[in-house]
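In my numbering, the protein residues as written are 202 to 522.
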């Protein structure tokens with residue numbers, strides 16, 4: 202009998218939905234049945250790809266803390282977190298999957314209450330953060346996930362680094378690719394593919410500056426952009442990609458497209474520091490619009506990585522990648 206695997210994604214940013222849907226499809230390709238959950242920014246994307254999903258209570262720590270205050274976290278994020286865990290517990294008990302794979306800390310917590318086999322799939326680490334409260338919270342979170350999960354899958358584009366959580370299972374970067382007959386709009390060759398995250402600022406101005414500099418630019422999420430099943434074909438068709446979020450960084454790695462990273466959130470800055478420290482080829486980090494525009498016009502070697510989605514699915518199913 203084919204196993205049923207629950208796949209849950211974190212709600213902050215559509216990139217979480219992208220990478221976990223990639224794992225879900227890899228599980229299906231290996232014969233598993235999947236059931237999805239997560240909601241948040243990725244809900245529309247999941248539905249666009251023809252899947253239904255359970256949507257637990259929404260949480261936005263980034264918006265409440267980095268865009269707000271500690272008081273706002275206490276008033277909103279903490280009670281919503283408890284609701285999200287409780288919603289996940291009910292979902293897991295109803296679905297009764299053979300296993301859960303997730304990058305959502307709340308789903309990981311719920312797995313213990315629902316007595317569900319757990320596989321964590323995330324790149325998050327306490328070393329990314331400068332604020333003591335974020336460092337401490339993420340350190341505790343990583344330790345809980347290492348204790349509760351059968352495997353902590355760690356998709357990264359950098360070699361082993363002292364800042365990585367101890368005891369993780371490293372897998373290649375994870376990217377969602379299209380399936381036969383599901384290409385959506387054909388990719389258009391472009392000089393620069395600009396991909397903001399949910400928390401990026403100034404990308405309209407950045408796009409204008411790049412065009413003024415003579416570049417042909419495609420702006421993902423602009424009024425004339427149509428939603429696509431997967432961004433990977435469009436990254437392959439671009440000469441450069443400019444982005445903020447790590448999900449797009451992983452997609453650029455798999456696409457083999459040089460990438461200029463323009464970070465905004467604490468986690469994005471932390472990931473960028475690791476990439477700079479380890480000297481990963483094909484990626485350059487910049488912190489202002491003018492520096493991004495300059496970097497786009499300079500030579501940058503293409504990255505070369507395989508897709509880690511199948512590796513992650515194999516680990517969950519107890520098979521060889």
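Every residue, glycine too, gets a C-beta built ideally from N, C-alpha and C.
Residue i: which of the options sits nearest, CA to CA?
| i | options | result |
| --- | --- | --- |
| residue 446 | 302, 210, 207 and 214 | 214 |
| residue 234 | 391, 484 and 225 | 225 |
| residue 481 | 499, 509, 426 and 450 | 450 |
| residue 232 | 258, 204 and 257 | 204 |
| residue 307 | 256, 510 and 418 | 256 |
| residue 487 | 512, 463, 207 and 351 | 463 |
| residue 202 | 254, 220, 258 and 298 | 298 |
| residue 507 | 516, 377 and 432 | 377 |
| residue 304 | 472, 516 and 221 | 221 |
| residue 330 | 522, 470 and 477 | 470 |
| residue 498 | 254, 339 and 440 | 440 |
| residue 504 | 455, 478, 479 and 477 | 455 |
| residue 442 | 390, 324 and 336 | 390 |
| residue 328 | 392, 365, 395 and 485 | 365 |
| residue 357 | 493, 379 and 324 | 324 |
| residue 494 | 432, 392, 388 and 457 | 392 |
So what does residue i bridge to, in DSSP terms?
| i | result |
| --- | --- |
| residue 254 | 237 |
| residue 394 | 419 and 442 |
| residue 352 | 320 |
| residue 371 | 355 |
| residue 485 | 461 |
| residue 303 | 209 and 321 |
Take residue i and list the residues in its own chain whose beta-carbon comes closer than 7 Å to its own, dropping the five residues that flank it on each side.
| i | result |
| --- | --- |
| residue 525 | No information on residue 525 is available, as it lies outside the stretch 202 to 522 that the chain covers here. |
| residue 218 | 210, 239, 243, 246 and 247 |
| residue 403 | 490 |
| residue 401 | 445 and 465 |
| residue 422 | 397 |
| residue 314 | 290 |
| residue 473 | 462, 464 and 486 |
Just the Cα atoms here: how many angstroms apart are residue i and residue j?
| i | j | result |
| --- | --- | --- |
| residue 475 | residue 518 | 30 Å |
| residue 230 | residue 359 | 27 Å |
| residue 496 | residue 444 | 13 Å |
| residue 236 | residue 295 | 11 Å |
| residue 434 | residue 452 | 10 Å |
| residue 344 | residue 283 | 19 Å |
| residue 438 | residue 280 | 44 Å |
| residue 300 | residue 397 | 33 Å |
| residue 185 | residue 460 | In the structure as shown, the chain begins at 202 and stops at 522. Residue 185 is therefore absent and cannot be evaluated. |
| residue 417 | residue 501 | 17 Å |
| residue 407 | residue 207 | 39 Å |
| residue 316 | residue 349 | 10 Å |
| residue 212 | residue 309 | 14 Å |
| residue 467 | residue 363 | 19 Å |
| residue 483 | residue 333 | 31 Å |
| residue 367 | residue 346 | 11 Å |
| residue 339 | residue 326 | 6 Å |
| residue 335 | residue 302 | 24 Å |
| residue 394 | residue 337 | 36 Å |
| residue 253 | residue 405 | 32 Å |
| residue 457 | residue 520 | 27 Å |
| residue 432 | residue 419 | 12 Å |
| residue 387 | residue 259 | 33 Å |
Between residue i and the rest of its own chain, which residues show a CB-CB distance below 6 Å, the 5 nearest in sequence each way excluded?
| i | result |
| --- | --- |
| residue 342 | 306 |
| residue 513 | 224, 322, 354 and 372 |
| residue 399 | 214 and 242 |
| residue 510 | 223, 224, 227 and 375 |
| residue 216 | 446 and 448 |
| residue 477 | 486 |
Does any residue of chain C have a CB that is nearer than 7 Å to the CB of residue i?
| i | result |
| --- | --- |
| residue 305 | Any reference to chain C falls outside this structure, which holds one protein chain only. |
Considering only residues of the same chain and omitting the five flanking positions on each side of residue i, which have a CB-CB separation below 8 Å?
| i | result |
| --- | --- |
| residue 516 | 320, 352, 354, 370, 372 and 522 |
| residue 479 | 359, 360 and 362 |
| residue 318 | 299, 300, 301, 312 and 351 |
Cβ pair count under 8 Å reaching 3, the region 412-432 against the region 239-249 | yes
Segment contact, 8 Å Cβ cut-off, at least three pairs: the region 363-374 with the region 409-426 | no
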